[in-house]
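A.B. asks:
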Amino acid sequence: MSATAASKALTVPEIAARKGKTPLVCLTAYTTPVAKLVDGHCDLVLVGDSVGMVLHGMASTLGVTLEMMILHGKAVRRGLQSALMVVDMPFGSYEENPAQAFRNAALVMAETGAAAVKLEGGENLAETIRFLTARGIPVMGHVGLTPQAVNTFGGYHVQGRGEDAERILRDATAVSEAGAFAVVLEKVPEALARLITEQVAIPTIGIGASPACDGQILVVDDMLGLFGAFRPRFVKRYAELGKDAEAAIAAYAKEVRERGFPGADHVFDNGSGTASVGEAT
Ligand code: KIV
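Counting from 354, one number per residue, gives the positions in the sequence shown under the numbering used here.
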């Protein structure tokens, strides 16, 4: 049991205090090596339930379990020193009632060393957020397009257009007033994101929600070009690692077939030889 957050990591109050200041930089991570890469560049790292689609090939996030979130949370914890770590509560682990949410969120925090959890929902979850935050569990909210409600929405559409904007504003306000320290706004129009950011007391973290937000988050595999199943319009690719990786794998396959690999540098002699490629003989 029990990992604890690194002592020099950013804290929940420090993140909350960034409202209206330098934009918060946030990314997801699911593994230790990627956590090590993003730590030092990010203020907040989310172990998102997007892990189900990105690493496990699921069609949606609905099949992600508490066990998966704990396993990936532990891996990410080992890679972080300075960023605040937040873990997503998966579908079905918190909606029943505040007691269920507390039991599962406490387990996630104790097992992974996360500083906070994230829940998808607005007005419908205000009571739960109030219950958790009053009992030592910091909560990040998530309103707008909430992917765990994909079946209710009938797809991953923009939320809050036209008269529907009022609903998302009410959700963000409810989450903030219930005690959340930040709220993710996903796939909402720019004008609505700006209005919510002006009206709520906590930092808004946008994903497909314009630069009007107090910070931004992306799925790390999306922005690195590692996830190719689909590409939402709000994703900017900062690298094409998937294409680079495929080219490297193709080169390896070709060399193996042509006996070009292993080469002389990768072969061991009878015992007196010197070390090659940085390894012991
Ligand atoms: O699961 C996830 O990665 C998320 C972010 C995209 C906000 O919820």
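Just so it is clear, CB atoms sit at the ideal spot from N, CA and C, and this is done for glycine as well. Computed from a predicted model, the values in this text were never measured in an experiment.
Could you name each continuous alpha helix (DSSP H) segment of 4 residues or more that falls completely within the stretch 369-405, going from the start of the chain to the end?
C.D. replies: The qualifying runs are 385-391.
A.B. asks: How is the alpha helix (DSSP H) around D622 delimited, first residue to last?
C.D. replies: Against the sequence shown, residue 622 aligns to sequence position 269. First-last for D622: undefined, no H or E at that position.
A.B. asks: When you compare only the Cα positions, how much space is there between E599 and A606?
C.D. replies: The residue you call residue 599 lines up with position 246 of the sequence shown. The residue you call residue 606 lines up with position 253 of the sequence shown. Those two C-alpha atoms are separated by around 10 angstroms.
A.B. asks: Quick check on D517: does DSSP put it in helix, strand or coil?
C.D. replies: What you label residue 517 is simply residue 164 of the sequence shown in a count that begins at 1. Reduced to three states, the DSSP call for D517 is helix.
A.B. asks: Helix or strand or just coil, what does DSSP make of H495?
C.D. replies: By 1-based counting over the sequence shown, the position of residue 495 is 142. Strand, per DSSP.
A.B. asks: Just jot down, in chain order, the residues whose CB lies closer than 7 angstroms to any heavy atom of the ligand KIV.
C.D. replies: Selection output, chain order preserved: T381, L399, G401, D402, S403, T414, D441, K471, H495, P500, V537, E539, I560, I570, V572.
A.B. asks: State the Cα-Cα distance for the pair V429 and I490, rounded to the nearest angstrom.
C.D. replies: Indexing the sequence shown from 1 puts residue 429 at position 76. Indexing the sequence shown from 1 puts residue 490 at position 137. C-alpha separation (whole angstroms): 19 angstroms.
A.B. asks: Between the Cα of A459 and those of E480, E476, V492, spot the shortest distance and give me the residue it belongs to.
C.D. replies: Here the question's residue 459 lines up with position 106 in the sequence shown. The shortest Cα separation from A459 among E480, E476, V492 belongs to V492.
A.B. asks: Which residues bound the beta strand (DSSP E) around T481?
C.D. replies: The count along the sequence shown starts at 1 and reaches residue 481 at position 128. Here T481 belongs to no beta strand (DSSP E); instead the alpha helix (DSSP H) covers 479-486.
A.B. asks: Count the other CB atoms, across all protein chains shown, that sit within 10 Å of the CB of D441; report buried if there are 16 or more and exposed otherwise.
C.D. replies: Taking the sequence shown and counting its residues from 1, one reaches residue 441 at position 88. D441 should be labelled buried.
A.B. asks: Do I560 and E539 count as a contact pair if the criterion is CB distance below 8 angstroms?
C.D. replies: In the sequence shown, counting from the first residue as 1, residue 539 sits at position 186. In the sequence shown, counting from the first residue as 1, residue 560 sits at position 207. A contact, by the Cβ cut-off of 8 angstroms.
A.B. asks: Buried or exposed for V439, going by 16 or more other Cβ atoms inside 10 Å?
C.D. replies: Residue numbering aside, residue 439 sits at position 86 when the sequence shown is read from its first letter. It counts as buried.
A.B. asks: From F444 to N457, what distance separates their C-alpha atoms?
C.D. replies: Start at 1 with the first residue of the sequence shown, and residue 444 comes out as number 91. Start at 1 with the first residue of the sequence shown, and residue 457 comes out as number 104. Cα to Cα, F444 sits roughly 12 angstroms from N457.
A.B. asks: According to DSSP, simplified to helix, strand and coil, what is Q512?
C.D. replies: For the purposes of this step, residue 512 is taken as the residue at position 159 of the sequence shown. Three-state DSSP puts Q512 in coil, outside helix and strand.
A.B. asks: Start and end of the beta strand (DSSP E) containing L579?
C.D. replies: The count along the sequence shown starts at 1 and reaches residue 579 at position 226. Neither: L579 is in no beta strand (DSSP E) and is coded neither H nor E.
A.B. asks: Using three-state DSSP, classify G426 as helix, strand or coil.
C.D. replies: Counted from its first residue, the sequence shown places residue 426 at position 73. Helix at G426.
A.B. asks: Quick check: what's the CA-CA separation for G624 versus G613?
C.D. replies: As a first step, residue 624 is located in the sequence shown; it is residue number 271 there, counting from the start. As a first step, residue 613 is located in the sequence shown; it is residue number 260 there, counting from the start. Using only the alpha carbons, I get a separation of about 24 angstroms.
A.B. asks: Under the three-state reduction of DSSP, which class applies to K471: helix, strand or coil?
C.D. replies: Counting from 1 along the sequence shown, the entry for residue 471 is found at position 118. The answer is strand: DSSP assigns K471 an E or B state.
A.B. asks: What do you reckon, are the CB atoms on I423 and F534 nearer than 8 angstroms?
C.D. replies: In the sequence shown, counting from the first residue as 1, residue 423 sits at position 70. In the sequence shown, counting from the first residue as 1, residue 534 sits at position 181. No.
A.B. asks: Ignore the nearest five residues each way along the sequence and tell me which others in R483's own chain have a CB closer than 7 angstroms to its CB.
C.D. replies: On the sequence shown, residue 483 is found 130 positions in, with the first residue counted as 1. Closer than 7 angstroms at Cβ, skipping near neighbours: A531, G532.
A.B. asks: Mapping DSSP to helix, strand and coil, what is Q552?
C.D. replies: The residue given as residue 552 occupies position 199 in the sequence shown. Here Q552 sits in helix by DSSP.
A.B. asks: Ordered along the chain, which non-local residues of its own chain (more than five positions away) have a Cβ less than 8 angstroms from that of G568?
C.D. replies: Walking along the sequence shown from the start, residue 568 turns up at place 215. Within the same chain, G568 has close Cβ partners R371, P376, L377, V378, C379, D396, L397, A535, P556, T557, I558, G559.
A.B. asks: Taking only the alpha-carbon atoms, compute the straight-line gap between L485 and F580 and give it to the nearest angstrom.
C.D. replies: On the sequence shown, position 132 is the one that residue 485 refers to. On the sequence shown, position 227 is the one that residue 580 refers to. Each residue's alpha carbon lies about 33 angstroms from the other.
A.B. asks: Should G426 and A388 be called a contact, given that it needs their Cβ atoms to be closer than 8 angstroms?
C.D. replies: As a position in the sequence shown, residue 426 is number 73, starting the count at 1. As a position in the sequence shown, residue 388 is number 35, starting the count at 1. For G426 and A388, no; Cβs fall outside 8 angstroms.
A.B. asks: So, with DSSP's three-state summary, where would you put D653?
C.D. replies: With the chain running from 354 to 634 in the structure shown, residue 653 is simply not present.
A.B. asks: Please tell me whether D524 and G595 are closer than 8 angstroms, where the distance is taken between their beta carbons.
C.D. replies: Looking up residue 524 in the sequence shown gives position 171. Looking up residue 595 in the sequence shown gives position 242. Cβ distance not < 8 angstroms, so D524 and G595 don't count as in contact.
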